Structures are given as C-alpha cells and as structure tokens.
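The structure under discussion appears below in the form of structure tokens.
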Amino acid sequence: MTHPNAIPLSHQLSPEDCNSPPSGSSLKDKSVLITGGASGLGAGIALAYAEKGAYITIADINEKLGKTYAEELRKKGFHVQFIATDVTSWPSQVAAFKAAIAFSPSHATVDIVVASAGVFGDPFLAADDPPASLDSDPPAPNLVALQVNTIGSFYTAKLAQLYLTLPGAGAKEPKCLILVASLAAYFDIPLMSSYTASKYGVRGLFRSVRPLLADRGVRVNLLAPWIMDTPLVVEWLKLFKAVGAPLGNVQDVITAAMRCADDSTVNG
97 MTHPNAIPLS HQLSPEDCNS PPSGSSLKDK SVLITGGASG LGAGIALAYA EKGAYITIAD
157 INEKLGKTYA EELRKKGFHV QFIATDVTSW PSQVAAFKAA IAFSPSHATV DIVVASAGVF
217 GDPFLAADDP PASLDSDPPA PNLVALQVNT IGSFYTAKLA QLYLTLPGAG AKEPKCLILV
277 ASLAAYFDIP LMSSYTASKY GVRGLFRSVR PLLADRGVRV NLLAPWIMDT PLVVEWLKLF
337 KAVGAPLGNV QDVITAAMRC ADDSTVNG
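For reference, each letter of the sequence shown is one residue, going 97 to 364 in this note's numbering.
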C-alpha cells in the first residue's frame with residue numbers, strides 16, 4: 097500500500113537547473129538541525145540557511161567553537177542555537193533533535209536535517225605500526241572515522257526518519273535529509289583508507305534509505321564534495337598543494353546544499 101505522503105524520486109536536473117542559483121525562499125521559519133555545524137562546511141551551510149530565515153540548531157562536539165559561532169550569528173539577527181552533541185552517542189543526538197524541535201517556531205517539528213559531522217582517521221598503514229609478533233597482541237586500530245562519519249550519520253538518518261515524520265508535524269513541502277559524503281565514496285584513496293571506507297558507508301546509507309523515506313514524504317540527498325580548504329583537512333591540504341592538486345570550492349557545495357533544501361523536486 098502506498099503511503100499517503102509518498103513522493104517520487106528525483107528527475108535528473110538540467111544544466112539550466114544546476115546553473116540557476118536557488119532562491120532559498122522556502123527556508124523561512126523552517127527548523128534545521130546541522131551536525132558538525134560549528135566549523136567548515138557545516139558552518140557555511142548554517143550561515144546560508146540562517147540568512148534565509150531558518151531556525152538553526154548547530155549540533156557539534158566542539159562546545160567552545162559552537163557557542164561562539166552561534167552567538168556570532170545571533171548578533172547578526174539570525175535564529176541560531178548551539179547544542180553540544182557527540183554524534184557517536186545515540187542519547188546525545190536524541191537530545192539535539194528534541195532541542196531543534198523545541199527551538200522551531202511551531203515547537204513541534206524539525207524540517208531539514210544535515211548530517212555534516214565528519215573527521216579524518218589514521219592511515220591503514222602507519223609509520224608507528226608495531227612489527228608483527230606472536231609474543232604480544234597488536235593494538236586495535238583507531239576507528240574514529242567510522243564511528244563519527246558512518247555510525248554518526250546512521251544515527252542522524254534514523255532520528256531524521258523518526259522526527260521528520262512526527263504525527264501532526266505536517267508541512268506544505270516534503271521534509272528533507274541531506275547526508276554529506278565525499279568523492280572519496282566513489283573511488284580508491286589508499287592513503288585515506290578509514291576515511292574512504294566511512295564515506296562509502298554514508299553513500300551506501302543514502303542509496304538504501306532514499307526510497308524508504310521517499311515513501312514517507314521525506315526527501316534524501318547526498319553531497320559528495322572533493323577535498324576543500326576547511327579545518328578538517330589542514331594536514332592533507334599541504335600534500336595536495338605540494339603536488340598541485342585542485343581543491344573543491346566550499347561555496348559551490350553550500351549552493352548545492354541550498355538547492356537540496358530549497359527545491360522540493362530534488363529527491364535522491
């Protein structure tokens with residue numbers, strides 16, 4: 097049986113669609129939760145949405161940076177709050193979602209969720225790897241990239257599924273979940289094995305949940321940017337610049353995030 101709020105997956109955007117900047121007018125008074133919104137891409141998306149009149153909840157583990165940034169945006173007249181959040185903790189994310197709902201103009205719903213929290217991880221082959229030995233057990237690898245990027249995004253997506261479809265939280269347009277992966281989710285980067293694996297996981301999550309949430313009236317889209325000049329990749333930037341590799345443009349990704357949030361026909 098078809099769900100009464102079911103929406104179709106997206107048509108392919110034309111070059112004209114992609115080249116015309118989204119107005120963002122539909123974001124006014126929308127409730128938005130952005131994980132990892134205290135810095136980098138997430139912070140840029142938070143500002144762009146706030147400028148369109150959205151009510152922004154920044155959910156980030158960096159309490160000092162998050163509080164400072166939220167206060168900076170409030171001084172500009174924007175509706176922004178900061179909630180200290182560890183995306184690897186289910187209860188912490190639940191609290192962030194509830195705070196976003198309470199902060200919304202209706203105090204009843206969240207409309208847009210952006211899963212932007214992300215970290216790099218240790219290389220698969222590390223210079224300080226201990227030599228193989230049967231005399232002692234090797235230390236476990238650092239899985240922070242998988243925990244934050246994959247498990248954190250999974251938690252965010254699951255909570256979006258639950259809270260974007262709250263009974264009585266109707267909306268004129270479909271609700272929206274935006275997952276942030278990377279071009280690393282599309283090809284091999286041996287030096288960044290844990291990060292690459294984690295972003296493949298986000299891409300797999302996107303592909304598997306988009307039809308499920310479309311059946312419930314929720315649009316799901318994926319951003320897959322190339323490496324950009326953000327705090328996340330300070331050390332890697334040195335390597336990319338040394339070999340003359342091009343960098344991604346943060347503003348282009350923010351524009352894409354605006355398109356995903358603003359255009360109700362873009363789904364999946």
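Ideal placement from N, C-alpha and C gives every residue a C-beta, glycine not left out.
Please read all numbers here as calculations on a predicted model, not as lab measurements.
Inter-residue distance for S202 and N245 is about 31 Å (C-alpha atoms, whole angstroms).
For A142, the enclosing alpha helix (DSSP H) stretches over residues 136 to 147. Of the residues assessed, G132 falls on the buried side of the cut-off, its CB having 16 or more other CB atoms within 10 angstroms. Annotation for P104: A310, N363 place their beta carbon closer than 8 Å to its own, counting only its chain and skipping 5 residues before and after. Taking C-beta atoms as the reference points, V305 and G248 fail to come closer than 8 Å.
By the neighbour-count definition (other C-beta atoms within 10 Å, threshold 16), A236 is an exposed residue. Classified as exposed, Y282 has fewer than 16 neighbouring CB atoms from the shown chains inside 10 Å of its CB. Here L319 carries a strand assignment [DSSP, helix/strand/coil].
Taking all protein chains shown into account, P286 has fewer than 16 neighbouring C-beta atoms within 10 Å of its C-beta and is therefore exposed.
Within the same chain, Cβ atoms closer than 6 Å to the Cβ of V128 are found at Y145, A150, I152, I208, the five residues on either side in sequence being excluded.
DSSP lists V314 as the bridge partner or partners of K271. If the five residues before and after K194 are omitted, its C-beta is found closer than 6 Å to no C-beta atom of its own chain. Counting of Cβ neighbours within 10 angstroms places Q189 among the buried residues, the total reaching 16 or more.
The closest CA to that of I130, considering only A223, A256, G173, is found on A256. Boundaries of the beta strand (DSSP E) around Y151: 151 to 156.
DSSP places A211 within a strand segment (E or B) once states are collapsed to three. Closest by C-alpha distance to G300, out of V210, K124, N317, A352, is N317. According to DSSP, residue pairing for T252 in a beta bridge does not occur. Just so you know, the alpha carbons of L221 and L123 end up roughly 45 Å apart. Judged by DSSP in its simplified three-state form, F199 adopts helix.
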